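Worksheet: one structure, shown below.
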Amino acid sequence: VRTLWLEIAISRLPGMASVDKTPEEAAASRKRARTGAAPAAPAAEAGQDGAGANGAKRARTWNVRIGERAAGILNPIREIMDKIAGKENPRKRLISLAQGDPTAYPHLRPGDVMVRAVVATVTGGVSNGYQPSQGSGPARAAVAEAFSVHGRPPLKPSDVFMTLGCSEALSHCIAALAARGSNILLPRPGFCLYEVLCNYHGVEPRYYDLLPHQGWQIEASQLATLVDENTCALLINNPSNPCGAVYPGAHLKAVLAVAEELCLPVIADEVYAEMTFGEPYVACAAATSSVPVLSVCALSKRWLAPGWRLGWITVHDAEGILARAAVPETLLKLCQVSLGPSAPLQAALPQILCGTPKEWYEKVLKDLEESAKCCVRRCREIPGFEVCTEPQGSMYCMVRIKKEAFGGGVADNDVDFAGQLLAEESIAVLPGQCFNAPGFFRVVFAAPPEVLNEAFDRIESFCRRHAAKA
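Going by my numbering, the sequence shown opens with residue 691, and the numbers climb by one from there.
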């Protein structure tokens, strides 16, 4: 019936008299409308086989193409590590100090409270359905309570957006601010995903420097030189990956004062929140009462569950600057694409946040601090290495390679150094170029001291073997 009405409507359009049908054609159209049959293909012109009057072929050819944005994704870590992957010494057990997964060794595992909470929600049978795109109400309420900061109005559940891990939270924040032609200020050294996401969303990355001999603090005076009318945000990572830095409150206040002067919203990557064993942790939102802050966090690091893929964004916007720009509405639209993380994990989150005992957190930090001290001590005993600033948190340490201390070209660049170390000693570290820090390499010190000592025994042997001749 709909087909018949469409044909009648078309026939009545101006200039469409040529589509009038004979009674036989009209009857055939009505029959097709009732049966749902497809119209017969028109007969080929005389002398043509599958071609029109002009001889052109009607048949389509395969023309599969890929999306330009997807094809342009380039992860520097993967690009560099793929060059040396699989080249470890087969006669020695591989020890990886490269992967930022805190669960790689059995002494760092999610707490019993966390595991029981997830088991209860899975077996309870009441958390199997779709959740609101922004996240379940109880999960958002728990995050709002846990991540409200002093000096700001308490967060409301409507200020929280649940995401598939911290990576999606970062992607949503950048996408929400990615106006055409915009740029964003990123730390150098910094986590390479920031640049990957900026490129994917069409945002130009611009880099401000972290000062290696000053606690890897932000060179605040540099920020104004990078800003123009298209700068959409300042991204701050604290505690830091890859540097292990934890910024003092006074330093954060000074940086946020510059952000306020430059009218820059802040994206705060705080996935390592509270993972400090030196300088006390201060959230970016707690260092200013006026600068709007999009803070991202997840269960992946502090709660040692990266595979659970449960993260969130908290919007600190007391003066309504982000609301007037429709940023929260845009974050909600982005959440509507993936419909948020697993329902059972969201249901378990309130118990995880409020029920995990203080003693569990303290043990995790004690273990990380012990490993950090082991890492720094061993690095400083090896000729040719420099630890510019001792790590104060997270689970990373940046080590500078003194090129002049080595011979034979082994330390000509950090990628060659990491590749040769892997080939000879089966020790994996990430070259500094992965983080825009050539001449350094990053160590993940989440392994227990006995594993770290074995690894550094081999690293020291490698360095002494390749030391420059006096």
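Yeah, the Cβ is synthetic: ideal placement off N, Cα and C, and Gly gets one too.
As the structure is a computational prediction, the values presented were derived from the model and not from experiment.
Burial is judged here by how many other beta carbons sit within 10 angstroms of a residue's own beta carbon; Y820 has fewer than 16 and is exposed. Spanning the alpha carbons of A1062 and Y937 requires a straight line of approximately 17 Å.
Y897 and V809 have their alpha carbons spaced roughly 44 Å apart.
Per DSSP, T966 is not a residue of any alpha helix (DSSP H), being assigned neither H nor E. Taking the CA atoms as reference points, G855 sits about 15 Å from P1034. Between the alpha carbons of V917 and G1097 lies a distance of about 42 Å.
Residues W906 and S1084 of the same chain have their beta carbon placed closer than 7 Å to that of S930, with the five preceding and five following residues left out of the count.
In the DSSP annotation of this structure, the continuous segment of the beta strand (DSSP E) that includes V956 starts and ends at V956 to D959.
According to DSSP, T1004 shares a beta bridge with V850 and S985.
Taken atom to atom, the span from the alpha-carbon of A1145 to that of I1117 is near 7 Å. Taken atom to atom, the span from the alpha-carbon of D1057 to that of Q789 is near 18 Å.
DSSP places L1058 inside the alpha helix (DSSP H), whose first and last residues are K1048 to E1071. About 19 Å separates the beta carbon of V1054 from that of V1066, a gap too long to meet the 8 Å contact definition. Every unbroken stretch of the alpha helix (DSSP H) spanning 4 or more residues and falling wholly within the region 1069-1146 is given here in chain order: 1104-1115. Bridge pairing for A923: I874 [DSSP]. The alpha carbon of L1043 has as its nearest neighbour, out of I756, E1150, D1106 and A836, the alpha carbon of A836.
If you compare the alpha carbons of L913, T1004 and T1020 with that of D899, the shortest gap goes to L913.
Taking a 10 Å sphere around the C-beta of A865, we find 16 or more other C-beta atoms and assign the residue as buried.
With 16 or more other Cβ atoms from the protein chains shown falling within 10 Å of its own Cβ, N1126 counts as buried. With 16 or more neighbouring CB atoms inside 10 Å of its own CB, C1025 falls in the buried class. Across the structure, K943 and G968 are spaced so that their CA atoms are roughly 19 Å apart. By the CB criterion at 8 Å, A1008 and P844 fall outside the cutoff. By the 16-neighbour rule on beta-carbons within 10 angstroms, H903 is exposed. Each of N779, H1006 and L989 was checked against the Cα of R999, and the nearest Cα belongs to L989. With respect to the 8 Å criterion, W1002 and V833 are classified as neighbours on the basis of their beta carbons. In the DSSP assignment, Y897 falls within the beta strand (DSSP E) that extends over E894 to L901. Around L1120, the same chain offers A788 and R1132 as residues with beta carbons nearer than 6 Å, after the five sequence neighbours per side are excluded. With a threshold of 16 other beta carbon atoms within 10 Å, G871 falls short and is exposed. Secondary structure note for Y937: it is in no alpha helix (DSSP H), with a DSSP letter that is neither H nor E.
As the crow flies, the alpha-carbon of Q1036 is around 32 Å from that of L954. Taking a C-beta distance under 8 Å as the contact criterion, Q1123 and D1104 qualify as a contact pair.
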